[in-house]
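Here is the structure we will look at.
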Amino acid sequence: MSLLPTDSNDRKYIMLGLRIVGDFGAIIAVPIVVFVLFGQWLEGKYGHAPWFTISAFVLAAFLSGKMIHKKAKLYGEEYKRLDKNVIIDKKEKDDRES
1 MSLLPTDSND RKYIMLGLRI VGDFGAIIAV PIVVFVLFGQ WLEGKYGHAP
51 WFTISAFVLA AFLSGKMIHK KAKLYGEEYK RLDKNVIIDK KEKDDRES
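So this is what it looks like as C-alpha coordinates:
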(Lines of atoms letter the chains of each structure in order from A and count residues from 1; the text may use other names and numbers.)
(Lines give C-alpha, C1' and ligand atoms only; values in the text may rest on other atoms or scores of the structure.)
Protein backbone atom coordinates (compact mmCIF):
# COMPACT_ATOMS: atom_id res chain seq x y z
CA MET A 1 0.00 0.00 0.00
CA SER A 2 1.41 3.32 -1.11
CA LEU A 3 1.31 6.45 1.03
CA LEU A 4 0.76 8.62 -2.03
CA PRO A 5 -2.23 8.12 -4.32
CA THR A 6 -1.65 6.44 -7.65
CA ASP A 7 -3.84 8.93 -9.55
CA SER A 8 -1.44 11.41 -11.14
CA ASN A 9 -3.80 14.35 -10.59
CA ASP A 10 -4.12 13.70 -6.85
CA ARG A 11 -0.39 13.17 -6.67
CA LYS A 12 0.23 16.62 -8.21
CA TYR A 13 -1.87 18.30 -5.52
CA ILE A 14 -0.13 16.41 -2.72
CA MET A 15 3.33 17.18 -4.09
CA LEU A 16 2.44 20.88 -4.35
CA GLY A 17 1.19 20.82 -0.76
CA LEU A 18 4.36 19.15 0.50
CA ARG A 19 6.50 21.65 -1.39
CA ILE A 20 4.54 24.53 0.16
CA VAL A 21 4.93 23.10 3.69
CA GLY A 22 8.67 22.62 3.26
CA ASP A 23 9.19 26.00 1.67
CA PHE A 24 7.19 27.90 4.29
CA GLY A 25 8.91 26.00 7.10
CA ALA A 26 12.31 27.01 5.77
CA ILE A 27 11.19 30.60 5.20
CA ILE A 28 10.11 30.86 8.83
CA ALA A 29 12.89 28.92 10.55
CA VAL A 30 16.07 29.92 8.74
CA PRO A 31 15.85 33.73 9.05
CA ILE A 32 14.77 33.56 12.68
CA VAL A 33 17.60 31.22 13.67
CA VAL A 34 20.22 33.19 11.72
CA PHE A 35 19.07 36.62 12.92
CA VAL A 36 18.71 35.54 16.56
CA LEU A 37 22.18 33.98 16.54
CA PHE A 38 23.53 37.19 15.02
CA GLY A 39 21.72 39.20 17.71
CA GLN A 40 23.23 37.05 20.44
CA TRP A 41 26.68 37.47 18.91
CA LEU A 42 26.19 41.26 18.92
CA GLU A 43 25.11 41.10 22.57
CA GLY A 44 28.24 39.17 23.45
CA LYS A 45 30.35 41.74 21.68
CA TYR A 46 28.62 44.98 22.75
CA GLY A 47 26.38 44.07 25.69
CA HIS A 48 22.90 45.64 25.78
CA ALA A 49 21.19 42.28 26.37
CA PRO A 50 18.49 41.36 25.31
CA TRP A 51 17.87 44.22 22.84
CA PHE A 52 19.92 42.91 19.93
CA THR A 53 18.25 39.49 20.11
CA ILE A 54 14.76 40.97 20.38
CA SER A 55 15.44 43.36 17.50
CA ALA A 56 16.87 40.57 15.37
CA PHE A 57 13.84 38.37 16.09
CA VAL A 58 11.37 41.12 15.18
CA LEU A 59 13.28 41.89 11.97
CA ALA A 60 13.42 38.19 11.04
CA ALA A 61 9.70 37.75 11.74
CA PHE A 62 8.88 40.77 9.57
CA LEU A 63 11.09 39.55 6.71
CA SER A 64 9.65 36.03 6.99
CA GLY A 65 6.14 37.44 6.81
CA LYS A 66 6.98 39.44 3.69
CA MET A 67 8.57 36.40 2.03
CA ILE A 68 5.61 34.16 2.91
CA HIS A 69 3.17 36.71 1.50
CA LYS A 70 5.14 36.82 -1.75
CA LYS A 71 5.44 33.02 -1.96
CA ALA A 72 1.75 32.52 -1.12
CA LYS A 73 0.79 34.60 -4.14
CA LEU A 74 3.08 32.53 -6.36
CA TYR A 75 1.76 29.25 -4.98
CA GLY A 76 -1.81 30.49 -5.43
CA GLU A 77 -1.12 31.11 -9.11
CA GLU A 78 0.56 27.71 -9.43
CA TYR A 79 -2.45 26.05 -7.78
CA LYS A 80 -4.81 27.75 -10.23
CA ARG A 81 -2.71 26.54 -13.18
CA LEU A 82 -2.58 23.03 -11.73
CA ASP A 83 -6.33 23.03 -11.12
CA LYS A 84 -6.99 24.23 -14.66
CA ASN A 85 -4.73 21.52 -16.10
CA VAL A 86 -6.39 18.82 -13.98
CA ILE A 87 -9.84 19.87 -15.18
CA ILE A 88 -8.63 19.78 -18.81
CA ASP A 89 -7.03 16.35 -18.25
CA LYS A 90 -10.27 14.98 -16.76
CA LYS A 91 -12.32 16.30 -19.69
CA GLU A 92 -9.91 14.72 -22.19
CA LYS A 93 -10.04 11.42 -20.29
CA ASP A 94 -13.85 11.49 -20.26
CA ASP A 95 -13.92 12.27 -24.00
CA ARG A 96 -11.64 9.31 -24.74
CA GLU A 97 -13.76 6.96 -22.64
CA SER A 98 -17.02 7.93 -24.33
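Just so you know, full-length UniProt numbering puts 82 at position 82 of the sequence shown, and the rest follows in order with no gaps. We put the CB at the ideal spot given by N, CA and C, even for glycine. Only a predicted model underlies this, so the values are computations on that prediction, with no experimental measurement involved.
Beta carbon proximity, residue i to chain D, threshold 8 Å
{"i": "Asp83", "result": "Of the protein chains in the structure, only one exists, and it is not chain D."}
Nonlocal neighbours in the same chain, by C-beta distance under 7 Å from residue i, ignoring five residues either side
{"i": "Pro31", "result": "Ala60, Leu63 and Ser64"}
{"i": "Tyr75", "result": "Ile20"}
{"i": "Lys93", "result": "none"}
{"i": "Phe35", "result": "Ala56, Phe57, Leu59 and Ala60"}
Beta-carbon contacts of residue i that lie in its chain and below 6 Å, excluding the five residues immediately before and after
{"i": "Phe52", "result": "Gly39, Leu42 and Glu43"}
{"i": "Ala49", "result": "Glu43"}
Buried or exposed by the 16-neighbour rule on C-beta atoms within 10 Å, applied to residue i
{"i": "Ala26", "result": "exposed"}
{"i": "Ala29", "result": "exposed"}
{"i": "Ala56", "result": "buried"}
Sequence-distant residues of the same chain with beta carbon closer than 8 Å to residue i, five excluded per side
{"i": "Phe24", "result": "Ile68 and Lys71"}
{"i": "Asn9", "result": "Val86, Asp89 and Lys90"}
{"i": "Tyr46", "result": "Phe52"}
{"i": "Leu16", "result": "Tyr75, Glu78, Tyr79 and Leu82"}
DSSP-derived helix/strand/coil call for residue i
{"i": "Leu3", "result": "coil"}
{"i": "Pro50", "result": "coil"}
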